[in-house]
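Working notes, structure below.
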Amino acid sequence: MRVRELILCAGLLAAGGADAETLSEVSGRYAIVPASTIAFHVAQVGGGGIDGRFPDFAGTLELDGGDLARSRVTITLEPATVTAGEQRIADFLRSSAVFDVANHPAITFTSTRVVRRGSDAAEILGSLTARGRTLSATFHATLLERRGRELLFRVVGRIARDPYDMGIGVPIYSNFADFEMLLRCERI
Amino acid sequence: MWRNTRTSYGWIAIALHWAVAAAFATTFALGWATQAVADEPATQFNLYQWHKSFGFLVLALALVRFGATILEVRPDPVLGLPAWQRRASGAMHALLLALLLAVPLAGWAVASASPLAIPSYVFELVVVPHLPLPKSAAMEAVASWAHAILAWTTCALVAGHAGAAVVHAVALRDGTLRRMLSPRG
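Those protein sequences? They're chains H and C, same order as listed. For the first sequence, the numbering used here assigns the number 447 to the initial residue and increments by one for each residue that follows. For the second sequence, the numbering used here assigns the number 3 to the initial residue and increments by one for each residue that follows.
Dropping the structure here:
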């Protein structure tokens, strides 16, 4: 049993080593593919909260491994397609109370600066436009994997709802939406 | 003055009576308003939270009132009241108190059974846990139906109760209403 565990660990380490990449080595232009996931969580008082996803999105990454600060990231989400487990919650999120998709059909993020944070991580600063308001936002990206022409990033970020006039439900629900994204990007 | 006597209500009973009345009226109005603003989801959400908060206040006050009816002396009816009116009055008071407990309990069941699982954050002060009910849209619908029926029934009985009080005050002039305004009534 112990031998099997050792072999398994060695295998995992070897696989990790093969996949381990640094941002310096992945220069190029990439498109975010639909197999990615963009999820968010809004905590509620007493525990639990709302877990949602944006299934429809598009985006590109222009990575400059030599000078990461010159890299650019753009992502557009379609809040009309948001899901949240319960249909009534999704409808509420789409309504004028939150995303107001009738008047604001897109949420966009455009980077203004990318700052390296280690060999495989970066901080992406930019402008997030939602519900007609554009404010600065920061996301933290980690390169998890490179496979052929594909990259896999984990991107997290916390966005305050109230500045976007989406503060409905505070303090029952947290003012913050925590984003968790797994972005699969294909070189184009 | 604070406690009831055989002939008068004390300030505690009087305050509880009017506090429950005010809390129920506010809760009912807020509940009605939630349906009137169905096309304004943000306003509707906020009204629901106020409705729930006042509903829990009704429940708390009704429980205190229920305790008071057990612990306190019940004043005798005013002199000269016919036997059938005594019986009707007693039944009305008992039914109203039962409904003032049942309506918020049914509302609590709605919040507890709803798959939306929206916390009951009463006056943004305390989180009241959900009742141990299975969460399903069907259970929520049944509880909502019961909540609405009980609320409208209570509303009708309150109207009857208030109407009877007015008749006693204006037509019969027998001091029934005055007793619920002041211990000296």
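Positions of the beta carbon are idealized from the N, C-alpha and C atoms, including for glycine.
Residues that DSSP places opposite residue i in a beta bridge
i: residue 129 of chain C; result: C/123
i: residue 497 of chain H; result: H/487
i: residue 39 of chain C; result: Residue 39 of chain C pairs with nothing; no bridge assigned.
i: residue 529 of chain H; result: H/499
i: residue 624 of chain H; result: H/487 and H/604
i: residue 521 of chain H; result: H/505 and H/555
i: residue 389 of chain H; result: The first residue shown for chain H is 447 and the last is 634, placing residue 389 of chain H beyond what the model contains.
i: residue 32 of chain C; result: Answer by DSSP bridge pairing: none, since residue 32 of chain C is not bridged.
i: residue 630 of chain H; result: H/598
Within-8 Å CB hit, residue i to chain C
i: residue 576 of chain H; result: no
i: residue 488 of chain H; result: no
i: residue 622 of chain H; result: no
i: residue 491 of chain H; result: yes
i: residue 625 of chain H; result: no
i: residue 505 of chain H; result: no
i: residue 635 of chain H; result: Since the first and last residues shown for chain H are 447 and 634, residue 635 of chain H lies out of range.
i: residue 617 of chain H; result: yes
i: residue 555 of chain H; result: no
i: residue 538 of chain H; result: yes
The beta strand (DSSP E) enclosing residue i, as first and last residue numbers
i: residue 476 of chain H; result: 474-478
i: residue 582 of chain H; result: 579-593
i: residue 573 of chain H; result: 567-576
i: residue 616 of chain H; result: Counting along the chain, residue 616 of chain H falls outside any beta strand (DSSP E), and DSSP gives it neither H nor E.
N-terminal and C-terminal residue of the alpha helix (DSSP H) that residue i is part of
i: residue 55 of chain C; result: 43-73
i: residue 156 of chain C; result: 139-169
i: residue 178 of chain C; result: 178-181
i: residue 108 of chain C; result: 85-115
is_contact[residue i, chain H] using C-beta, thresh 8 Å
i: residue 123 of chain C; result: yes
i: residue 129 of chain C; result: yes
i: residue 74 of chain C; result: no
i: residue 51 of chain C; result: yes
i: residue 176 of chain C; result: no
Proximal residues of chain C, C-beta to C-beta of residue i below 7 Å
i: residue 614 of chain H; result: 44 and 47
i: residue 534 of chain H; result: 118
i: residue 541 of chain H; result: 43
Under 7 Å from the C-beta of residue i: neighbouring residues of chain H
i: residue 142 of chain C; result: The premise fails here: residue 142 of chain C is roughly 10 Å from chain H at the closest Cβ pair, so nothing lies under 7 Å.
Contacts of residue i in chain C (Cβ-Cβ under 8 Å)
i: residue 564 of chain H; result: Simply none; closest approach about 39 Å.
i: residue 545 of chain H; result: Residues of chain C passing the Cβ test: none, with the nearest at roughly 11 Å.
**Study point:** the stretch 516-535 of chain H / the stretch 544-557 of chain H touching (three or more Cβ pairs under 8 Å)
**Key:** Yes: at least three Cβ pairs fall under 8 Å.
**Study point:** the stretch 500-507 of chain H / the stretch 119-137 of chain C touching (three or more Cβ pairs under 8 Å)
**Key:** No, they do not touch.
Practice item. Pair every Cβ in the stretch 476-489 of chain H with every Cβ in the stretch 610-626 of chain H, then say whether three or more of these pairs are closer than 8 Å. Key: Yes, since at least three Cβ pairs between the stretch 476-489 of chain H and the stretch 610-626 of chain H fall closer than 8 Å, the two stretches touch.
Check your understanding: Are the stretch 49-65 of chain C and the stretch 93-108 of chain C in contact at 8 Å, needing three or more beta carbon pairs?
Key -> Taking 8 Å as the limit for Cβ pairs, the verdict is that the stretch 93-108 of chain C does touch the stretch 49-65 of chain C.
Point to revise | Touching by the beta-carbon criterion (3+ pairs, under 8 Å), the stretch 523-542 of chain H and the stretch 109-118 of chain C | key: Here the stretch 523-542 of chain H lies against the stretch 109-118 of chain C, with 3 or more beta-carbon pairs under 8 Å apart.
Review point. Are three or more beta carbon pairs between the stretch 470-480 of chain H and the stretch 490-500 of chain H nearer than 8 Å?
Key: Segments in contact, no.
**Study point:** Meets three-Cβ-pair contact criterion under 8 Å: the stretch 33-52 of chain C and the stretch 595-603 of chain H
**Key:** Result no; under three Cβ-Cβ pairs closer than 8 Å.
Exercise for review: Say whether the stretch 106-114 of chain C touches the stretch 146-158 of chain C, bearing in mind that this needs 3 or more beta-carbon pairs closer than 8 Å, one atom from each stretch.
Suggested key: Yes, since at least three Cβ pairs between the stretch 106-114 of chain C and the stretch 146-158 of chain C fall closer than 8 Å, the two stretches touch.
Review point. How about the stretch 9-28 of chain C and the stretch 63-82 of chain C: do they share at least three Cβ pairs that are nearer than 8 Å?
Key: Note that the stretch 9-28 of chain C touches the stretch 63-82 of chain C; at least 3 beta-carbon pairs, one per stretch, sit closer than 8 Å.
Review point. Using 8 Å as the Cβ pair cut-off and three pairs as the minimum, do the stretch 47-57 of chain C and the stretch 83-90 of chain C touch?
Key: No: the two stretches stay apart, fewer than three of their Cβ pairs being nearer than 8 Å.
Practice item. Would you be able to state if there are at least three C-beta pairs under 8 Å between the stretch 607-617 of chain H and the stretch 570-579 of chain H? Key: Yes, they touch.
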